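Chemist:
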Amino acid sequence: KDAWCRTLFEQDGGAFMDDPQFKEFFNANSEWLLPYAAFCVLRDKYDTADFSRWGKYSEYDIKKVNTLWKNVRSGREMRYYVYLQYHLHLQMLDARDYAHSRGIAIKGDIPIGITPQSVEAWSEPHYFNMDAQAGAPPDDFSVKGQNWGFPTYNWARMAEDGYSWWKRRFAKMAEYFDAYRIDHVLGFFRIWQVPSDQVLGLMGHFNPALPYSYEDMISRGFDFRYDRHATPFIRYYMLREMFGDKCQMVQETFLDSNELDVFTLKPEFANQKLIEAWFEDKDDNELKDGIMALAGEVLFVQDPHNFGCFHPRISAQYTYSYQALSEEEKSAFNRLYDEFFYTRHNSFWQEAAMRRLPQLITATNMLTCAEDLGMIPACVPPVLDQLKILSLEIQRMPKEVGVTLGDPARYPYLSVCTTGTHDTSTLRGWWIERFGKDCPSHHCEDIVESHLRSPSMLTILPLQDWFSMDDTLRVEDPESERINVPSIPKHYWKYRMHLTLEELLSKSQFNSQIAHKVILCGRSER
Numbered sequence: 011k012d013a014w015c016r017t018l019f020e021q022d023g024g025a026f027m028d029d030p031q032f033k034e035f036f037n038a039n040s041e042w043l044l045p046y047a048a049f050c051v052l053r054d055k056y057d058t059a060d061f062s063r064w065g066k067y068s069e070y071d072i073k074k075v076n077t078l079w080k081n082v083r084s085g086r087e088m089r090y091y092v093y094l095q096y097h098l099h100l101q102m103l104d105a106r107d108y109a110h111s112r113g114i115a116i117k118g119d120i121p122i123g124i125t126p127q128s129v130e131a132w133s134e135p136h137y138f139n140m141d142a143q144a145g146a147p148p149d150d151f152s153v154k155g156q157n158w159g160f161p162t163y164n165w166a167r168m169a170e171d172g173y174s175w176w177k178r179r180f181a182k183m184a185e186y187f188d189a190y191r192i193d194h195v196l197g198f199f200r201i202w203q204v205p206s207d208q209v210l211g212l213m214g215h216f217n218p219a220l221p222y223s224y225e226d227m228i229s230r231g232f233d234f235r236y237d238r239h240a241t242p243f244i245r246y247y248m249l250r251e252m253f254g255d256k257c258q259m260v261q262e263t264f265l266d267s268n269e270l271d272v273f274t275l276k277p278e279f280a281n282q283k284l285i286e287a288w289f290e291d292k293d294d295n296e297l298k299d300g301i302m303a304l305a306g307e308v309l310f311v312q313d314p315h316n317f318g319c320f321h322p323r324i325s326a327q328y329t330y331s332y333q334a335l336s337e338e339e340k341s342a343f344n345r346l347y348d349e350f351f352y353t354r355h356n357s358f359w360q361e362a363a364m365r366r367l368p369q370l371i372t373a374t375n376m377l378t379c380a381e382d383l384g385m386i387p388a389c390v391p392p393v394l395d396q397l398k399i400l401s402l403e404i405q406r407m408p409k410e411v412g413v414t415l416g417d418p419a420r421y422p423y424l425s426v427c428t429t430g431t432h433d434t435s436t437l438r439g440w441w442i443e444r445f446g447k448d449c450p451s452h453h454c455e456d457i458v459e460s461h462l463r464s465p466s467m468l469t470i471l472p473l474q475d476w477f478s479m480d481d482t483l484r485v486e487d488p489e490s491e492r493i494n495v496p497s498i499p500k501h502y503w504k505y506r507m508h509l510t511l512e513e514l515l516s517k518s519q520f521n522s523q524i525a526h527k528v529i530l531c532g533r534s535e536r
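Note that our numbering has the sequence shown beginning at 11, numbered continuously upward.
(1) How far does the alpha helix (DSSP H) with V308 in it reach, from first residue to last?
(2) Could you name each continuous beta strand (DSSP E) segment of 3 residues or more that falls completely within the stretch 424-452, going from the start of the chain to the end?
(3) Which word fits I404, buried or exposed, when buried means at least 16 other C-beta atoms lie within 10 angstroms of its C-beta?
(4) Report buried or exposed for R345, applying the criterion of at least 16 other Cβ atoms within 10 angstroms of its Cβ.
(5) Could you name the residues that DSSP lists as bridge partners for V495?
(6) So S401 and S435 are in contact, right, with Cβ under 8 Å, and what is the actual spacing, rounded?
(7) Does the beta-carbon of P126 have 16 or more other beta-carbons within 10 angstroms, so that it is buried, or is it exposed?
(8) Would you check if the distance between the CB atom of V129 and the CB atom of F49 is smaller than 9 Å?
(9) Which of the three DSSP states, helix, strand or coil, is assigned to S522?
(10) When burial is assigned at 16 or more other CB atoms within 10 Å of the CB, is A503 buried or exposed?
(11) What does DSSP give as the partner residues of T162 in its beta bridges?
(12) Any idea what DSSP makes of H321, helix, strand or coil?
(13) If you measure between the beta carbons of Y91 and F26, is that distance less than 9 Å?
(14) In this structure, how does DSSP classify I457 when only helix, strand and coil are distinguished?
(15) Considering only their Cβ atoms, is the gap separating Q143 from S206 smaller than 9 Å?
(16) I'd like to check one pair, I470 with C531: are the Cβ atoms closer than 9 Å?
(17) How long is the line joining the alpha carbons of I72 and R179, rounded to whole angstroms?
(18) Going by the beta-carbon positions, is the gap between I192 and E381 smaller than 9 Å?
(19) Return the chain-ordered list of same chain residues with a C-beta closer than 7 Å to the C-beta of I493, the five sequence neighbours on each side being excluded.
(20) Is there contact between the stretch 131-149 and the stretch 99-112, where contact requires at least three CB pairs shorter than 8 Å?
(21) Quick one: give me the first and last residue of the alpha helix (DSSP H) that Q21 is part of.
(22) Please state whether the Cβ-Cβ distance between P418 and H461 is less than 9 Å.
(23) Given this structure, state the Cα-to-Cα distance separating M88 from F32, to the nearest angstrom.
(24) Would you report the Cα separation of I442 and I228, rounded to the nearest angstrom?
(25) DSSP puts Y379 in a beta bridge; with which residues?
(26) For S336, count the other beta carbons within 10 Å of its own beta carbon; 16 or more makes it buried, fewer makes it exposed. Which is it?
(27) If you draw a straight line from the C-alpha of S152 to the C-alpha of G214, how long is it?
(28) Restricting to runs no shorter than 4 residues, where is the alpha helix (DSSP H) found entirely within the stretch 235-289?
(29) Along the chain, where does the beta strand (DSSP E) that runs through K80 open and close?
(30) DSSP has D149 in a bridge; who is on the other side?
(31) Use the C-beta contact count for N139: other C-beta atoms within 10 angstroms, 16 or more gives buried, fewer gives exposed.
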């Protein structure tokens, strides 16, 4: 595709630069367009998006960007990327206008983060905590938590200029979209932050947060000792249980022993990033997971900004370290843990969200929808309700405590109702996970219809789940239709629709079936 685009660019000969419509686009977008074009040119020149390897360009300098723009060779390359952005802009406008002419609204998506090797990280690093990694605590998507690997937001710095970075993003989206989904809206309350030297989401902590001091823990009946509770707890009996015949090798390779049956990780394996690096050219994931687990055998993690303050480690009750506590210590720790994760931060996070979200959602006229899945603090639903932000309702992930399967008929009006997302298995895939066999098409049809009948303002279903209703259109292997597996950070998104658009348009019976259901369930008048 790039070769064809370059051919068209050559044929144009730069004439587009004189087009009044282009000049309007360029003047309105040059603030981000020139840094982006320069980033692309330098990425190509150095054959890497890692700007730390760009020599004199590793630190962003607008003067150097302007010099590149004026240079004959680099300027031509920059104009190519500007040319692409301009035509993408025109195509998006055409798609928007066509959709509107057919009575269709378009919903976009705001990702929660940026990649650390991106134009945003290069040109505006002050808006981000480049030494941290965003992720999520353990949930239905991943029992080990998630580490997405991108920097967290420096909200204090963003607030200084009225969140202009966010407002510019929303304003640009509003040119093309009528509604948008805020990915991981919980990140506007607090983000799960994983230290840069750790790998697993289990080792993260909330930011912002109110970590415990020594005095806090003692006053709550827990006798905190740093060496016992905040450094990896490793004992001989654990090694025998975890590694079996490899126990001796693990001791000799990874551990030091200062006293009988008590071990510490060697300095060269002091954190999970070092452990991961050692296993990079080795094929033993079971051993790697075991050593990673040893590094996570702590009950508390140190706060990076407040020395002497600590966060309870998420899911600490599943560690050997916790099991080795006395019953009295377990009880005291559980009280600390429950307070920290379920009540301590409610008003604190609510205030943080109310400082940020109102300014952002009122910056445009787009309908705001939230992706509010995972470990949801009690303060989130009231804020979404107050700001009239639509929640996301998934039947297999009900928000009511003690409920295993949601009822679409009980969903709130201010919500988006769906059978699944790109992060979950498909409807058929979930049925197999739960019942061990494929879901018949008539059951799929019933489930789809129950979602269409829900009180939710919007029902938006994955394409795969629409296909599941038709035996002639559904694919043979439901697993092949899954888009993403969140527990695998480098999972390859390879799903593609198995039909061409022309083939889909020709399936008149299927299309009529959908149209009939949409009208029958009161979601369209025509």
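For each residue, glycine too, the CB sits at the ideal point set by N, CA and C. In this text, all values refer to a predicted model and were calculated from it rather than measured experimentally.
Modeler: Walking through what the data contain:
(1) By one-based count along the sequence shown, residue 308 stands at place 298. Unbroken run through V308: none, as it is neither H nor E.
(2) 425-428
(3) Your numbering for residue 404 matches position 394 in the sequence shown. By the 10 Å Cβ count, I404 comes out buried.
(4) Stepping through the sequence shown from its first residue, residue 345 is reached at position 335. When all chains shown are included, R345 counts as exposed.
(5) Sequence index remark: in the sequence shown, residue 495 carries index 485 (1-based). According to DSSP, V495 bridges with nothing at all.
(6) The count along the sequence shown starts at 1 and reaches residue 401 at position 391. The count along the sequence shown starts at 1 and reaches residue 435 at position 425. Actually they do not touch by this definition, with Cβ atoms about 21 Å apart.
(7) In the sequence shown, the residue the question calls residue 126 occupies position 116. Result: buried.
(8) Within the sequence shown, residue 129 is the residue found at index 119, counting from 1. Within the sequence shown, residue 49 is the residue found at index 39, counting from 1. The answer is yes: Cβ separation under 9 Å.
(9) Within the sequence shown, the letter at position 512 stands for residue 522. Looking at S522 - three-state DSSP - the assignment turns out to be helix.
(10) Within the sequence shown, numbered from 1, the residue matching residue 503 stands at position 493. For the record, residue 503 in the displayed sequence is Trp; it is not Ala. Flag for W503 reads exposed.
(11) Residue 162 sits at position 152 when you count from the first residue of the sequence shown. According to DSSP, which records beta bridges pairwise, T162 is partnered with N139.
(12) Looking up residue 321 in the sequence shown gives position 311. DSSP places H321 in strand when its eight states are reduced to three.
(13) Against the sequence shown, residue 91 aligns to sequence position 81. Against the sequence shown, residue 26 aligns to sequence position 16. No; because the gap between Cβ atoms is not below 9 Å, this pair is not in contact.
(14) Here residue 457 corresponds to residue number 447 of the sequence shown, with the count starting at 1. I457 falls in the helix class under three-state DSSP.
(15) Within the sequence shown, the letter at position 196 stands for residue 206. Within the sequence shown, the letter at position 133 stands for residue 143. In this structure, Q143 lies closer than 9 Å to S206 by Cβ.
(16) To locate residue 531, count along the sequence shown from 1; it is residue 521. To locate residue 470, count along the sequence shown from 1; it is residue 460. Contact flag unset, no.
(17) One-based indexing of the sequence shown puts residue 72 at position 62. One-based indexing of the sequence shown puts residue 179 at position 169. Going by the C-alpha atoms only, they are around 20 Å apart.
(18) By 1-based counting over the sequence shown, the position of residue 192 is 182. By 1-based counting over the sequence shown, the position of residue 381 is 371. Contact: yes.
(19) On the sequence shown, position 483 is the one that residue 493 refers to. Counting only Cβ-Cβ distances below 7 Å, and skipping sequence neighbours, we find H432, W503, Y505.
(20) no
(21) Here the question's residue 21 lines up with position 11 in the sequence shown. Segment 12-22, the alpha helix (DSSP H) holding Q21.
(22) Counting from one through the sequence shown, the residue named residue 418 turns up at place 408. Counting from one through the sequence shown, the residue named residue 461 turns up at place 451. For P418 and H461, yes; Cβs fall inside 9 Å.
(23) The sequence position of residue 88 within the sequence shown is 78, counting from 1. The sequence position of residue 32 within the sequence shown is 22, counting from 1. Cα to Cα, M88 sits roughly 15 Å from F32.
(24) As a working mapping, residue 442 is identified with position 432 in the sequence shown. As a working mapping, residue 228 is identified with position 218 in the sequence shown. Taking the straight line joining both Cα atoms gives about 49 Å.
(25) Reading the sequence shown from its first residue, position 369 is the one you call residue 379. The sequence shown places Cys at residue 379, rather than the Tyr named in the question. C379 pairs with R191, L400.
(26) The residue given as residue 336 occupies position 326 in the sequence shown. Exposed, since its Cβ has fewer than 16 Cβ neighbours within 10 Å.
(27) On the sequence shown, position 142 is the one that residue 152 refers to. On the sequence shown, position 204 is the one that residue 214 refers to. Roughly 14 Å separates the two Cα atoms.
(28) 236-239, 246-253, 257-264, 282-288
(29) In the sequence shown, counting from the first residue as 1, residue 80 sits at position 70. It is not in any beta strand (DSSP E) - K80 instead sits in the alpha helix (DSSP H) that spans 72-80.
(30) Locating residue 149 in the sequence shown gives position 139, counting from the first residue. Its beta-bridge partners do not exist; DSSP assigns none.
(31) Residue 139 sits at position 129 when you count from the first residue of the sequence shown. The residue is buried, with at least 16 neighbouring Cβ atoms inside 10 Å.
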